[in-house]
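The UniProt record's numbering applies: residue 1 is where the sequence shown begins, and numbers increase by one.
A virtual CB, placed ideally from N, CA and C, is assigned to each residue, including glycine.
All values derive from a computational prediction rather than experimental measurement.
Here is the structure we will look at.
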Amino acid sequence: MDSFIEKGKRAQVLVEALPYIQEYWDRVVVVKYGGHAMTDETLKRQVMEDIVLLQLVGVKVVLVHGGGPEINAALAKMGVESKFVNGLRVTDAESMDVVQMVLAGKVNKSLVNLIGSIGGKAMGICGIDGRMVEAKCKDPALGQVGAITGVNTRPIYDLLDNGYIPVISSVACDAAGNVYNVNADSMAAQISGALGAECLISMTDVPGIMEDPGDISTLINAVDIGGAMELMRRGVVKGGMIPKVESCMEALLCGVKKVFILDGRVPHSILLEMLTDEGSGTMMIEELG
């Protein structure tokens, strides 16, 4: 009897997912991948499994990633000290070479390889490829840190239309060929906006936006831009969550329909949010009805 009950529960999960699969079928979903889920091998595999499953049920998934810990480790091995201003890495010419090598090389290709090993099709690119993402110097004090000036979606659609998951590292360039390190959250926001994505999933190391960061029961399930700005004014959203939330608002203002802030430490948090009634984080939209 127990086995029949368990099978019934599994069937119910699949039935529950059906309307969500229909909602996202043939739509673009951008996943900004970062945080603890990038450094824990078990979580990393689970995130890639979620992405492959979404692709197999007809969702056009685009993965955008950073790689701060990997960059820090590579710079430390070279004896180069990592410096930050307001949470942004100061990137001189020497550091930029390492950033490009780590993001567009090691991290990017390891994710492509992992996706392939579990049955997905992925292609790794960065903003330089096809002049996909162009940028300018954000602040001379930060060195080669870029502010995005334009997104060419053609390379991304070429990959999607041929059945690949684009895996995009956050490196961009300008018309003169200067290379820039771009904040991955901002990169994901601009790309999702240019693609007119159905949603952006922003993975973090917290459950979402909470009134009290130490109390999960205060998780805010849904908020709009006005509400998010008020939360920042009140100091509820602070520290490292400020640029994260600002990037989410940036995506909405660029035309993305909704943004999910998810805890990447929760196994299969992407599927829980997208394909179940339960959800697992904070949804942000332009304006609550």
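Beta-carbon proximity check, residue i vs residue j, cutoff 7 Å
i: residue 133; j: residue 151; result: yes
i: residue 120; j: residue 156; result: no
i: residue 220; j: residue 258; result: no
i: residue 171; j: residue 199; result: no
i: residue 290; j: residue 35; result: Residue 290 is absent from the model: the chain starts at 1 and stops at 289.
i: residue 71; j: residue 99; result: yes
i: residue 109; j: residue 130; result: no
i: residue 97; j: residue 136; result: no
i: residue 264; j: residue 273; result: no
i: residue 248; j: residue 202; result: yes
i: residue 183; j: residue 144; result: no
i: residue 115; j: residue 104; result: no
i: residue 39; j: residue 69; result: yes
i: residue 229; j: residue 218; result: no
i: residue 197; j: residue 31; result: no
i: residue 294; j: residue 147; result: The structure shown has nothing for residue 294, since the chain only spans 1 to 289.
Local conformation of residue i per DSSP, three classes
i: residue 275; result: helix
i: residue 44; result: helix
i: residue 218; result: helix
i: residue 38; result: helix
i: residue 1; result: In this prediction, residue 1 has a pLDDT of 49, which is less than 50 and means its spatial position is unreliable; what the coordinates show is noted afterwards. If DSSP states are grouped into helix, strand and coil, residue 1 belongs with coil.
i: residue 94; result: helix
i: residue 138; result: coil
i: residue 170; result: coil
i: residue 147; result: strand
i: residue 72; result: helix
i: residue 85; result: strand
i: residue 124; result: strand
i: residue 118; result: coil
i: residue 99; result: helix
i: residue 280; result: coil
i: residue 181; result: strand
i: residue 288; result: coil
i: residue 164; result: coil
i: residue 203; result: strand
i: residue 107; result: helix
i: residue 112; result: helix
i: residue 57; result: coil
i: residue 52; result: helix
i: residue 15; result: helix
Contacting residues, own chain, Cβ-Cβ under 7 Å from residue i (five flanking each side not counted)
i: residue 251; result: 189, 192, 193, 200 and 259
i: residue 1; result: Bear in mind that a pLDDT of 49 at residue 1, under 50, signals an unreliable position, so the number given afterwards is only what the model happens to contain. Here the set comprises nothing.
i: residue 88; result: 142, 145 and 183
i: residue 95; result: 75 and 80
i: residue 83; result: 90
i: residue 268; result: 46 and 50
i: residue 153; result: 194 and 195
i: residue 163; result: 121
i: residue 85; result: 141 and 142
Residue i beta carbon near the ligand NAD (any heavy atom closer than 6 Å)
i: residue 40; result: Inclusion of the ligand NAD in the displayed structure is not the case, the ligand content being empty and no account of it being possible.
Cβ distance (whole Å) where residue i is taken to contact residue j below 8 Å
i: residue 62; j: residue 107; result: Rounded, the Cβ-Cβ distance is 16 Å, inconsistent with contact.
i: residue 256; j: residue 245; result: Actually they are not in contact, since the Cβ atoms of residue 256 and residue 245 sit about 14 Å apart, beyond 8 Å.
i: residue 25; j: residue 59; result: 7 Å
i: residue 50; j: residue 195; result: With 8 Å as the limit, residue 50 and residue 195 do not qualify as a contact, their Cβ atoms being about 19 Å apart.
Beta-carbon proximity list for residue i, same chain, < 6 Å, skipping 5 on both sides
i: residue 17; result: 275
i: residue 54; result: 61
i: residue 43; result: 37
i: residue 287; result: 224
i: residue 111; result: 167
i: residue 208; result: 219, 261, 281 and 282
i: residue 21; result: 57
i: residue 231; result: 237
Cβ shell of residue i (< 8 Å), same chain only, five flanking positions each side left out
i: residue 118; result: 45, 48, 49 and 52
i: residue 149; result: 134, 135, 136 and 174
i: residue 278; result: 272
i: residue 212; result: 218
i: residue 226; result: 287
i: residue 179; result: 96, 100, 128, 144, 171, 172 and 173
Next item on the list: Only counting runs of 4 or more residues, tell me where the alpha helix (DSSP H) segments fall wholly within the stretch 205-266, in order along the chain.
Entry: 225-234 and 241-253
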